[in-house]
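Numbering (the working numbering), first residue to last: 1039 to 1328. Glycine included, each C-beta is placed from N, C-alpha and C at the ideal position. Just so we're clear, the structure is a prediction, and the values are computed from it rather than from any experiment.
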């Protein structure tokens, strides 16, 4: 169960933050590879530092707005029915808990940067972000809404992508100077945002596979098993295309960033790597001749 807007809104937030993380990671690395550090958030340059914390505001405010939609608008303020939580809106309560974690992450990071009351290193912020992703993972894995068939398959892929976000964020706390870890974290968040969008367009938009349709009770039903299997195969192709497209975009962005922001240390590092590769090939050739 869900809606186009319900998937597109969080997808937009994850996509914007993920793309910005990738670009910032590339620029920071090519600018100074020797002193590279993993960052769970990246400052926005320019405007005399007025937009420095824009990413954190996007996370905190975006999560808060979505939280209000889930908790206040979707439930129509009917929280309690017959002395217990309204069973018709458990789905909204669960989404609210996930969004609360991302709101807390953005708020704590802002307090850490803008006040002296809380001063946390990037490693600690990575752990808080990992906790927010873990809450999201638990939500979709133990969802009160039973996702079956094609809808369940799309949400299974989403769970796997959220798990990847958890792993890369935790790795950032353990390996604070690893460029691959920081880059993979941005890629994982970007893929999650793209998959939210893909779910919106496929299950609640114009890309519904043939033989499947959205019923009046907001459930996805496929007339034949073959139609459902075909839909799952299409989902696999969509995921592969997204991964391929993101990797190609990252490679192209790295080349552009290196040409514009790269310094002598980066060129020296590349020269050393090419030299080591040449020596390895020469050694292999000599060994094969002997």
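- Judged by DSSP in its simplified three-state form, residue 1279 adopts helix.
- For residue 1077, the closest of 1298, 1300, 1161 by C-alpha to C-alpha distance is 1161.
- The Cβ atoms of residue 1138 and residue 1168 lie no closer than 7 Å to each other.
- By the criterion of a C-beta distance shorter than 7 Å, residue 1226 is surrounded in its chain by 1199, 1202, 1203, 1206, once the five residues flanking it on both sides are discounted.
- The three-state secondary structure of residue 1077, taken from DSSP, is coil.
- For residue 1241, there is no enclosing beta strand (DSSP E); the residue is part of the alpha helix (DSSP H) that begins and ends at 1217-1241.
- Under the three-state reduction of DSSP output, residue 1156 falls in the coil class, being neither helix nor strand.
- By a beta-carbon distance limit of 8 Å, residue 1049 does not contact residue 1098. Their separation comes to about 18 Å.
- If you draw a straight line from the Cα of residue 1228 to the Cα of residue 1287, it comes to about 12 Å.
- Runs of the alpha helix (DSSP H) lying entirely within the stretch 1129-1212, each at least 4 residues long, are 1160-1179, 1187-1212 in chain order.
- Burial check for residue 1278: the Cβ neighbour count within 10 Å stays below 16, so the residue is exposed.
- Shown here, residue 1112 sits in coil according to DSSP, grouped into three states, outside any helix or strand.
- In this chain, the alpha helix (DSSP H) harbouring residue 1099 covers 1092-1106.
- The DSSP-derived three-state label of residue 1122 is strand.
- For residue 1252, the enclosing beta strand (DSSP E) has its first and last residue at 1250-1252.
- For the pair residue 1065 and residue 1230, the Cα-to-Cα distance works out to about 22 Å.
- Each residue's CA atom was taken as its position, placing residue 1115 and residue 1101 some 19 Å apart.
- Buried is the label assigned to residue 1234, since at least 16 other Cβ atoms lie within 10 Å of its Cβ.
- Pairing residue 1164 with residue 1210, the inter-Cα distance amounts to about 7 Å.
- Apart from sequence neighbours up to five positions away, the residues of its chain that approach residue 1179 with a beta-carbon distance below 8 Å are 1197, ordered along the chain.
- Residue 1079 is not a Cβ neighbour of residue 1170, given a cutoff of 7 Å.
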